[in-house]
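Enquirer: Residue numbers (this note's numbering): 1 to 549.
1) Beta carbon of residue 221, beta carbon of residue 203: below 8 angstroms?
2) Do residue 125 and residue 138 count as a contact pair if the criterion is CB distance below 8 angstroms?
3) One question on the structure: do residue 245 and residue 176 come within less than 8 angstroms of each other, judged by their Cβ atoms?
4) From this set, 459, 341, 451 and 428, which residue's C-alpha is nearest residue 375's C-alpha?
5) With a 10 Å radius around its C-beta and 16 neighbouring C-beta atoms as the bar for buried, classify residue 195 as buried or exposed.
6) Counting only runs that start and end within the region 248-321, where is the beta strand (DSSP E) found for 3 or more residues in a row?
7) Inspect the beta-carbon positions of residue 280 and residue 303 and report whether they are closer than 8 angstroms.
8) Any contact of the region 244-260 with the region 362-381, i.e. 3+ C-beta pairs under 8 angstroms?
9) Figure out for me which residue from 249, 164 and 212 has the closest Cα to the Cα of residue 141.
10) Going by beta carbon distance, what residues of the same chain come within less than 6 angstroms of residue 44, once the five residues before and after it are set aside?
11) Spatial neighbours of residue 334 within its chain, please: CB distance less than 6 angstroms, with the 5 preceding and 5 following residues excluded, ordered by chain position.
12) Run through DSSP, which three-state label would residue 212 get?
13) Within 10 Å of its beta-carbon, does residue 365 have 16 or more other beta-carbons around it, so buried, or fewer, so exposed?
14) For residue 251, I'd like the list of residues in its chain whose CB is within less than 7 angstroms of its CB, leaving aside the five on either flank, ordered along the chain.
15) Note the first and the last residue of the continuous beta strand (DSSP E) segment covering residue 183.
16) Take residue 233 and list the residues in its own chain whose beta-carbon comes closer than 6 angstroms to its own, dropping the five residues that flank it on each side.
17) In terms of residue numbering, what span does the alpha helix (DSSP H) encompassing residue 194 cover?
18) Determine the burial state of residue 159: buried for a count of at least 16 other Cβ atoms within 10 Å of its Cβ, exposed for fewer.
19) Could you give the residue range of the alpha helix (DSSP H) that holds residue 367?
20) Would you report the Cα separation of residue 266 and residue 165, rounded to the nearest angstrom?
21) Would a C-beta distance cut-off of 8 angstroms place residue 228 and residue 181 closer than the cut-off?
22) What is the rounded straight-line gap between the Cα of residue 410 and the Cα of residue 311?
23) Give the DSSP-derived three-state secondary structure of residue 118 in the structure shown.
24) With a threshold of 8 angstroms, are at least 3 pairs of Cβ atoms found where one atom belongs to the region 456-465 and the other to the region 433-442?
25) Please give me, in chain order, every unbroken run of the alpha helix (DSSP H) with length at least 4 that falls completely inside the region 384-412.
26) Given that a residue counts as buried once 16 or more other Cβ atoms are within 10 Å of its Cβ, and exposed if not, what is residue 363?
27) Find the nearest neighbour of residue 299 within the set 348, 287 and 331, judged by alpha-carbon distance.
28) For residue 424 versus residue 385, is the C-beta distance shorter than 8 angstroms?
The following block contains the structure:
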């Protein structure tokens, strides 16, 4: 965080000009501090030659130092006069605005006290020196030596930082060093086995992607935890990161150089024990990040008494034998067995997954959260819904159910709440019925997606196989029905042919009967003629007898 950009501007009608003024004041303070440090340190060559050059040279040095101090005082006075002139100018401008517009009651000029903060013992708003009554506040020496901020200013800076973080979709991550990201040991604490294995020589080898280092000035060895470089790279996309250790400042800076050699992750955000406001305790009061978005990774819980809700407790990394002895482990250390944590499923890889979930949940859009509440608590199994030889996870209905908050799986167990099927003929569908689970049609998921509400399962029943044939006109049962119809037509056609044949036979028989009837009629006619002839002959005979008589 750029303090010059984020700190309050002196009261001015223009916020941009105020920021420029504050940046100029901050630069002036840096120059004054640098000049003061140079003056107090003096000339090293002169210091070494004091005995040889005599009293005259010493007097000359004193004169030079006094002149430098006078110059510093004069610069400080000039700066204070400039601030006072600025305030007078603002008062004139605002008085002019009052005469032009009317009332200026709503216009407020920020004045000290209270002072927003001090830099090098001077208020960076008014230039006044820090008095005893101005002591309250928090020192931020890790940002710059001599910087102290008041409570109001800290809140303002945190608010501005929070807006920037949310705009960049980032949270704040506080990282412990020892046993969390690294493990260190003093050279004289190395075990006999470690020395026999030549661990000191290995630490001096310059190889690509090495993780074992020697801190010569501190007579220490440091081992980076496996996966740490990838962890920092991926975490930096989601978090603004701080180092926070109970170690000394010099040690913290050296480790930061190993972890972040290009200075892209931490910058000045390296907090050590000298920055803590309470002995043997870590606190977020020295972090210019809002507590509501802060996540802490540390292997020690008791140092975060005030911020346990923000803490993710890390599994300790014990690489060296001295670390195992410190925590009472009798087993051989990783260094002694020439082993290490696995990268892919070690502690840092596991925690990175947790951080990704935290980040996703925090920045999830509201719409997505509401959608995931629709089928929350439902566990679904699909049976014969998707095409064979295709991954069910790639199917649209599966993804839709997950977006609605359901958990989808491929096998049934006691935790399954719903079985999604097209008919009752599958083993999983029968399992759902026998175990009194919800058995629903896929349209149940689609309806929930459209209506953003879980639907009544009984409104989406699964059809029985025979009912399915009636509903699906293009399926096999229709083909069977068509086949039966064709067979019936063939039978009717055959029967028709038989009827035609029978009709022909009947017609022929009728003709024969008609002929017989005609013959009978003709015979009867002949018989009638014979009878008539007989009767006539009888009559003729009788007539002849009468005549003869």
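The C-beta atom is built at its ideal place from N, Cα and C for all residues, glycine as well.
Expert: Taking the definition as stated:
1) Contact flag set, yes.
2) Residue 125 sits away from residue 138, with the two beta carbons spaced by 8 angstroms or more.
3) For the 8 angstroms CB-CB criterion, residue 245 and residue 176 form a contact.
4) Here the closest residue by C-alpha is 451.
5) With fewer than 16 other Cβ atoms from the protein chains shown falling within 10 Å of its own Cβ, residue 195 counts as exposed.
6) Here the runs fully enclosed are 294-298 and 311-313.
7) Remark: C-beta atoms of residue 280 and residue 303 approach each other more closely than 8 angstroms.
8) Touching, no, given that fewer than three Cβ pairs across the two stretches are closer than 8 angstroms.
9) Comparing C-alpha distances from residue 141 to each of 249, 164 and 212 shows the shortest one belongs to 249.
10) Since pLDDT at residue 44 reaches only 40, below the 50 mark, its modelled position is unreliable, and no value is offered.
11) Excluding residues within five positions, the ones whose Cβ falls inside 6 angstroms are 319 and 340.
12) Strand, per DSSP.
13) That one is exposed.
14) Contacts found: 218.
15) From DSSP, the beta strand (DSSP E) with residue 183 extends over 182-186.
16) Shown here for residue 233: not one same chain residue has a beta carbon closer than 6 angstroms to its own, the five before and five after excluded.
17) Start and end: 192-196.
18) Exposed.
19) Its alpha helix (DSSP H) spans residues 366-372.
20) Spanning the two alpha carbons is a distance of roughly 15 angstroms.
21) Yes.
22) Residue 410 and residue 311: Cα-Cα distance of roughly 36 angstroms.
23) The answer is strand: DSSP assigns residue 118 an E or B state.
24) Here the region 456-465 makes contact with the region 433-442; the two share three or more CB pairs at distances below 8 angstroms.
25) Taking only runs of at least 4 residues, the alpha helix (DSSP H) segments lying wholly in the region 384-412 are 396-403.
26) Answer is exposed; the Cβ neighbour count stays below 16.
27) Residue 348 holds the alpha-carbon nearest to the alpha-carbon of residue 299 among 348, 287 and 331.
28) At the C-beta level, residue 424 and residue 385 stay beyond 8 angstroms of one another.
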